[in-house]
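All remarks here apply to the structure that follows.
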Amino acid sequence: MNVMTKNWIEIGTIGDIPLRGARHVHSGDKTIAIFRNAHNKIFALEDKCPHGGCPISNGIVHDSSVTCPIHNWVISLETGQALGADEGQILAFPVQIDGDKILLSLGVK
Amino acid sequence: MKQKLVIVGNGMAPGRALEKLFNSAPDQYEVTIFNAENRVNYDRIMLSPVLSGDKAFEDIIIHDDAWYKEHNVTLHKGHKVSNIDRDKKQVTSEGGITADYNKLIIATGSLPFIIPLPGHKLAGVMAYRDLDDVTAMQAAAKAGGAAVVIGGGLLGLEAAAGLKEQGMDVTVIHLMPTLMERQLDPAAGYLLAEELRSRGITVLCEANTKEIVGDGKVEAVHLDNGTVIPASIVVMAVGIRPNSGLAKDAGLEVGRGIVVSDNMQTSDPDIFSLGECAEVGGVCYGLVAPLYQMANVLAANLSGDQDAKFVPQDTPTRLKVTGINLYSAGDFADGDDREEIIFRDAASGVYKRLILQENKIIGVVLYGEASDGPWFSGKLKSQEDISEIRDMLIFGQNAVMGGANVDPLAAVTALPDDAEICGCNGICKGDIVTAINEKGLTSLGEVRAHTKASASCGSCTGLVEQLMTLTLGSSFDANAIQSMCPCTDLGHSEVRRLIKAKEIKSIPQLMQELEWKTSCGCVKCRPALNYYLVADWPGEYVDDYQSRFINERVHANIQKDGTYSVIPRMWGGYTSANELRAIADVVDKFNIPTVKCTGGQRIDMLGIKKQDLPAVWEDLGKAGFVSGHAYAKGLRTVKTCVGTDWCRMGTQDSTGLGIKLEKAMWGSWTPAKLKLAVSGCPRNCSEATCKDIGVICVDSGYDIHFAGAAGLDIKPTVVLGHVDTEEDAIIYILALAQMYREQGHYLERIYKWADRVGIEEVKAQIMDNAQQRQTYYDAFIFSQKFAQVDPWNERVSGLDKHEFNPLATLELEAAQ
Ligand code: SRM
Ligand SMILES: Cc1cc2nc3c(=O)[nH]c(=O)nc-3n(C[C@H](O)[C@H](O)[C@H](O)COP(=O)(O)OP(=O)(O)OC[C@H]3O[C@@H](n4cnc5c(N)ncnc54)[C@H](O)[C@@H]3O)c2cc1C
Ligand code: SF4
Ligand code: FES
Chain Z
1 MNVMTKNWIE IGTIGDIPLR GARHVHSGDK TIAIFRNAHN KIFALEDKCP HGGCPISNGI
61 VHDSSVTCPI HNWVISLETG QALGADEGQI LAFPVQIDGD KILLSLGVK
Chain G
110 MKQKLVIVGN GMAPGRALEK LFNSAPDQYE VTIFNAENRV NYDRIMLSPV LSGDKAFEDI
170 IIHDDAWYKE HNVTLHKGHK VSNIDRDKKQ VTSEGGITAD YNKLIIATGS LPFIIPLPGH
230 KLAGVMAYRD LDDVTAMQAA AKAGGAAVVI GGGLLGLEAA AGLKEQGMDV TVIHLMPTLM
290 ERQLDPAAGY LLAEELRSRG ITVLCEANTK EIVGDGKVEA VHLDNGTVIP ASIVVMAVGI
350 RPNSGLAKDA GLEVGRGIVV SDNMQTSDPD IFSLGECAEV GGVCYGLVAP LYQMANVLAA
410 NLSGDQDAKF VPQDTPTRLK VTGINLYSAG DFADGDDREE IIFRDAASGV YKRLILQENK
470 IIGVVLYGEA SDGPWFSGKL KSQEDISEIR DMLIFGQNAV MGGANVDPLA AVTALPDDAE
530 ICGCNGICKG DIVTAINEKG LTSLGEVRAH TKASASCGSC TGLVEQLMTL TLGSSFDANA
590 IQSMCPCTDL GHSEVRRLIK AKEIKSIPQL MQELEWKTSC GCVKCRPALN YYLVADWPGE
650 YVDDYQSRFI NERVHANIQK DGTYSVIPRM WGGYTSANEL RAIADVVDKF NIPTVKCTGG
710 QRIDMLGIKK QDLPAVWEDL GKAGFVSGHA YAKGLRTVKT CVGTDWCRMG TQDSTGLGIK
770 LEKAMWGSWT PAKLKLAVSG CPRNCSEATC KDIGVICVDS GYDIHFAGAA GLDIKPTVVL
830 GHVDTEEDAI IYILALAQMY REQGHYLERI YKWADRVGIE EVKAQIMDNA QQRQTYYDAF
890 IFSQKFAQVD PWNERVSGLD KHEFNPLATL ELEAAQ
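Here the protein sequences come in this chain order: Z and G. Sequential numbering from 1 applies to the first sequence in this note's numbering. Sequential numbering from 110 applies to the second sequence in this note's numbering.
Okay, here's the thing in structure tokens:
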């Protein structure tokens, strides 16, 4: 199965992330933002706004997007793509939930 | 000769499989069942009606003793299988009974999960899984007292409702912010919690149990936050674990559950498994619909049909608590390739949400009115394209099937003139239509002013607007009010008025009662709503930090590179050698790259890493500094000049007044930022006449100014009025600030608010109306009781740690 070939790393539990909030994970020189939306869905994106590089884990989470606090770009939590009139994309990583554990794979979605 | 089929476990899943098997292959097997429970197969999902007293055990039996006899089944009641010998093809029970098999089915169900809290072994701590648990709960209820249910999911809530019916005081403790978060979105979860509360059940969300205490038996439950809840029983309903130990001991492949292929075969071709203990395609199931599907597949397989395969599908959820209508199915998370249709009827507590993807329903959440659940769920399963019926879809089957092009105005047109439109004020249709025609009214505001219709609770606003459209034709555009954001048609003023009128005290409540069009708001409305609730219900409303912008969440200003700047308060611009030394030490210790004097008479340290913030604040706090709120929609600075202390022109103690004002007002949240200044004479060295509120000291007292601007707009202040004493200056300014706090739209600076409501109106309320002034002043003082807590100190003490620390730091090898 596809899922099995990915290298899943346990990074914490759902409760570690505030509802409609975000945390971040360091991996070498990369930072990955982990989001939890109002429906308890977990997403992982490169923590770097496609516009100016701001850590988007600082934004406000609504639906399944996050608004960057610096110039209000809206980024899709599912794809990492900028929404609306803006263009740009950041990496999105696969996540899996096991019970309340969050598993992250650094293979790109 | 008949094959020997042995079944371990006599739950709902194998029960169904046997029924199917006896139909398709009546004579193929000789069946022996071992069941740890000392009874026949019964409908486990109906335990809740038994608990509440609506049903007896006899009513929920699926197969009675006669059925086993009729089908020649040997049922060993109360015999738990302890060993499977795969070489000998034999099972043995704890009581020593053995049975040989050709085919074996393991259907051991699940084990309820018991959190290993201190005290979890005390008498009175129980799970909710079988009839024995129900009997124990009923006995406890008879003895009276209180019950705590840990877990606000399906099972926990059914247990809570049942225990309440049995007369106990019940508290539900739930770790997550809303109930049944796996099945319900937050809006529906909120409605459910309110309903349970109205039945007298205490519901505590985001609550974590620390320990269960008692001498030999349960006496109380202690929460992390110090709350103590007395209880004689604790029901843990926090989840289930597939019961796969027996299979594992027998050397079968076990993951989360017993691993089976999509025809229910385990890693041993003669052993099958189904039910909650089985894991198919990596998933374990906990609702009967998929288990019954497994039963069909297994029965087909055992009777020789090798093609039957298990196909995973979603199972709708309903809560079996009398009077609560709730339905959810599919995937109700939102996504940008998804659209939602929301219907909220606040008056009758109805919430419906459909989640669409490419014009197909992929998720349904219904609360309050769930009769269309199966119909929606049918469309979900069939993946039917709904574009044709989209307009009426949310109104359900009757609307879609029944009426072609229902005219929304038809209903109001048909109303007689004496039909009551506004219940609060007793206003009829005729009154409104007459007023519109005779007085030439063209806006909702005017209709409200003249007739009072919809001026109280506001829930008839829609009807009044329809009447206006009916009377005025297309010249009336109900949407002309600038709505707050696309999530609502209401404007800021409407929302603020309704928060007060309906006593709305949380964001989910607001979104439901004001019929928000999205499930969770947006970046425009959420911070605004949070401010309105903070301002209107001091001490009661719990601030929703996730609805604040990052600066207010972490109490520092984010910079373009993601670092932060920190500006401590320097009261009235005053500082000292000690303070300056502390700043110098912090700058050295944390390698802060930039230190700058701000335009607000204080010092800014820029370029601080987020994770260093609490440590920086800790050092600053030791020197007596508190947050300068340089990030807040709240009180920023009070600039002063040197005044009578030093200046040869000074007429009053401008620095003293500035410091008093800053000490009285710091910490208060306002619609937009609020900056003050006090100058000691009309030379105005602290630039008070371009501030939000400014004071110019004169020989005879104090001239209070307000509504200046010196940012995006430049505008001199206007004079609010003159007061003689410093004491009055403070009272008038605090009252003015409160009036602005209660009326301002979010992000509306004081000068824009004053333009909107009228300078004269502000003067009339603050200068001329002593009673109103006192009311505002008192309200400000009251709200400061809760607002004046230094946010830096709170975070140094550990609050919101998660904002500053990474969730994890991954080893590089693992990242490969
Ligand atoms: C630090 C400071 C500049 C300085 O080095 O002097 C400053 C810095 C910023 N100002 Fe300012 N303003 C600063 C004094 C002012 C002043 C002068 C004053 O307060 O006397 C003004 C004009 C008066 C006024 O408020 O209108 C001022 C008018 C603005 C405006 C325009 C506001 C408006 O409604 O017209 C903005 C933009 C906004 O708020 O949307 C702004 C926004 C900002 C922001 C928050 C920009 C942003 O959105 O990130 C800057 C934050 C920098 C940081 O991270 O620290 N800043 N800003 C001053 C901090 C004062 C303090 O001690 O708290
Ligand atoms: C209170 C309650 C309400 C529920 N409400 C709903 C609902 O509304 N909708 C829904 O779809 N589902 C509901 N469920 C879940 C549903 O009841 C279960 O999914 C279903 O009963 C599981 O069936 P099963 O056959 O896999 O296991 P079970 O019914 O749990 O049967 C397993 C049996 O195996 C026995 N056993 C275990 N180990 C051994 C052994 N070694 N030897 C012999 N016997 C053994 C156990 O004693 C048990 O009797 C509810 C469950 C409960 C407890
Ligand atoms: S001009 Fe007036 S306000 Fe300015 S320093 Fe002198 S006395 Fe003070
Ligand atoms: S850096 Fe994110 S919007 Fe500009």
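Backbone N, C-alpha and C define an ideal beta-carbon position, used for all residues, glycine too. Because the structure is a prediction, the values reported are computed rather than measured.
query: Closer than 7 Å at the beta carbon, the chain Z residues around P286 of chain G; result: L19
query: 7 Å Cβ cutoff, K41 of chain Z in contact with chain G; result: yes
query: Near ligand 1: N666 of chain G beta-carbon under 6 Å from a heavy atom; result: yes
query: CA nearest to the CA of D527 of chain G, picked from G:R350, G:V521 and G:G539; result: G:G539
query: 3 or more residues per run - each beta strand (DSSP E) lying fully within the segment 9-75 of chain Z; result: 21-27, 30-36, 42-46, 60-62 and 65-67
query: Contact test: R711 of chain G Cβ vs ligand 1 heavy atom, cutoff 6 Å; result: yes
query: Closer than 6 Å: V190 of chain G CB and nearest ligand 2 heavy atom; result: yes
query: 6 Å Cβ shell around T31 of chain Z - same chain, five flanking residues per side excluded; result: H24 and D47
query: Beta bridge counterpart(s) of N192 of chain G as assigned by DSSP; result: G:T201
query: Sequence-distant residues of its chain with Cβ nearer than 8 Å to D136 of chain G (five each side left out); result: K111
query: For N514 of chain G, three-class secondary structure by DSSP; result: With a pLDDT of 45 at N514 of chain G, under the threshold of 50, the modelled position of this residue cannot be trusted; read the value that follows with caution. Coil.
query: Cutoff 7 Å: E78 of chain Z Cβ touching any chain G Cβ; result: yes
query: Of the residues G:L263, G:M277 and G:V243, the one placed nearest V257 of chain G, counting alpha carbons only; result: G:M277
query: K469 of chain G versus Q492 of chain G - alpha carbon distance; result: 6 Å
query: Minimum Cβ-Cβ distance from G107 of chain Z to chain G less than 7 Å; result: no
query: Beta-bridge pairing of F166 of chain G - partner residues as DSSP gives them; result: The partner list for F166 of chain G (beta bridge, DSSP) is empty, contrary to what the question assumes.
query: Classification of T13 of chain Z by the beta-carbon crowding that lies within 10 angstroms, buried from 16 upward; result: exposed
query: Which listed residue (G:H854, G:D196, G:S202 and G:S157) has its alpha carbon closest to that of T141 of chain G; result: G:S202
query: Range of the contiguous beta strand (DSSP E) that encloses Y811 of chain G; result: G810 to F815
query: C-beta neighbour in chain Z for G671 of chain G, strict 7 Å; result: yes
query: Secondary structure of A924 of chain G, DSSP reduced to three states; result: In this prediction, A924 of chain G scores a pLDDT of 40, lower than 50, which makes its location untrustworthy; the coordinate-derived value is nonetheless stated afterwards. In this structure, A924 of chain G counts as helix in the three-state DSSP scheme.
query: CB contact below 7 Å: V632 of chain G versus chain Z; result: yes
query: Any non-hydrogen atom of ligand 1 within 6 Å of L729 of chain G CB; result: no
query: Start-to-end residues for the beta strand (DSSP E) that takes in M345 of chain G; result: I342 to M345
query: Contact set for V905 of chain G: own chain, Cβ-Cβ below 7 Å, skip 5 residues either direction; result: P723, W726, E727 and G730
query: Within chain G, partners of G52 of chain Z - CB distance below 7 Å; result: K669
query: Distance, I712 of chain G Cα to A819 of chain G Cα; result: 20 Å
query: Distance cut-off 6 Å: L396 of chain G Cβ against heavy atoms of ligand 2; result: yes
query: CB-CB length for S777 of chain G against A665 of chain G, believed under 8 Å; result: Rounded, the Cβ-Cβ distance is 19 Å, inconsistent with contact.
query: Residue-level contact to chain Z via CB, P915 of chain G, 7 Å cutoff; result: yes
query: Sheet register partners of Q112 of chain G (DSSP bridge); result: G:Y138
query: C-beta neighbour in chain G for T13 of chain Z, strict 7 Å; result: no
query: Cβ separation of I214 of chain G and P123 of chain G, assumed to be a contact under 8 Å, to the nearest whole Å; result: 6 Å
query: Under 7 Å from the C-beta of P69 of chain Z: neighbouring residues of chain G; result: F658, I659 and I667
query: Neighbourhood of N914 of chain G by C-beta, 7 Å cutoff - its chain only, sequence neighbours within 5 removed; result: Q720
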